[in-house]
Amino acid sequence: MDAIDKAIIAELERDGRLTNVELAQRVGLTTGPCLRRVQRLEADGVIRGYRAVIDPDSVGRSFEVLLDLSLEAQDAETVRRFEETLQQADEVLELRRLFGSPDYFVRVAVADLPAYEAFLSGRVMTIPRVKNVTSHFTMKTVKPGP
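Numbering follows full-length UniProt numbering, in which position 39 of the sequence shown is assigned residue number 39; successive positions increment by one, without gaps.
Structure representation (structure tokens):
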């Protein structure tokens, strides 16, 4: 990966809807070589996809909660069931298995506190062998993630 590839990536991170013409101009290439580089970056898995960034208020998901979660056991079946259940939950924006304690970090977005309580009680706490859940409520987002 050279400096031009890195420039292409930086521009697409800022605005994934750039046309190839605009992108080529910004990185100092003609359109053909620029398109070939983007296609290669996609084929190599460097660019994994494109997405829209949605305003959470507009879709009723402005209440975000960060969870630290531990399981009673780490056997394959417990881990598989837990991960499959939360992967399928629309409320879960991010799910990370961690080394050490806690076992998982979960980022959840719902409409409000009652919706979070319903999610926690009805989805998370019904998963077998969930040991401990600590909820962290965001006071202010200083730098949003991707």
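Even for Gly, the Cβ is constructed at its ideal location relative to N, Cα and C.
Since this is a predicted model, take the numbers as computed values, not measurements.
Between the region 71 to 88 and the region 126 to 133 there are three or more C-beta pairs closer than 8 Å, enough to call the two in contact. In this chain, the beta strand (DSSP E) harbouring L93 covers V92 to R97. Taking a C-beta distance under 7 Å as the contact criterion, V65 and V108 qualify as a contact pair.
Pairing E91 with F119 gives a Cβ-Cβ distance under 7 Å. In the DSSP assignment, T134 is bridged to D68. Within the same chain, and ignoring the five residues on either side of V38 in sequence, the residues whose Cβ sits closer than 8 Å to its Cβ are I8, L12, N20, L23 and I47. With fewer than 16 neighbouring CB atoms inside 10 Å of its own CB, R80 falls in the exposed class.
Between D57 and the set E42, M139 and A111, the nearest pair of CA atoms involves A111. In this structure L67 is in contact with S135, their Cβ atoms being roughly 6 Å apart against a cut-off of 8 Å. Annotation: the continuous beta strand (DSSP E) that includes A109 extends over Y104 to V110.
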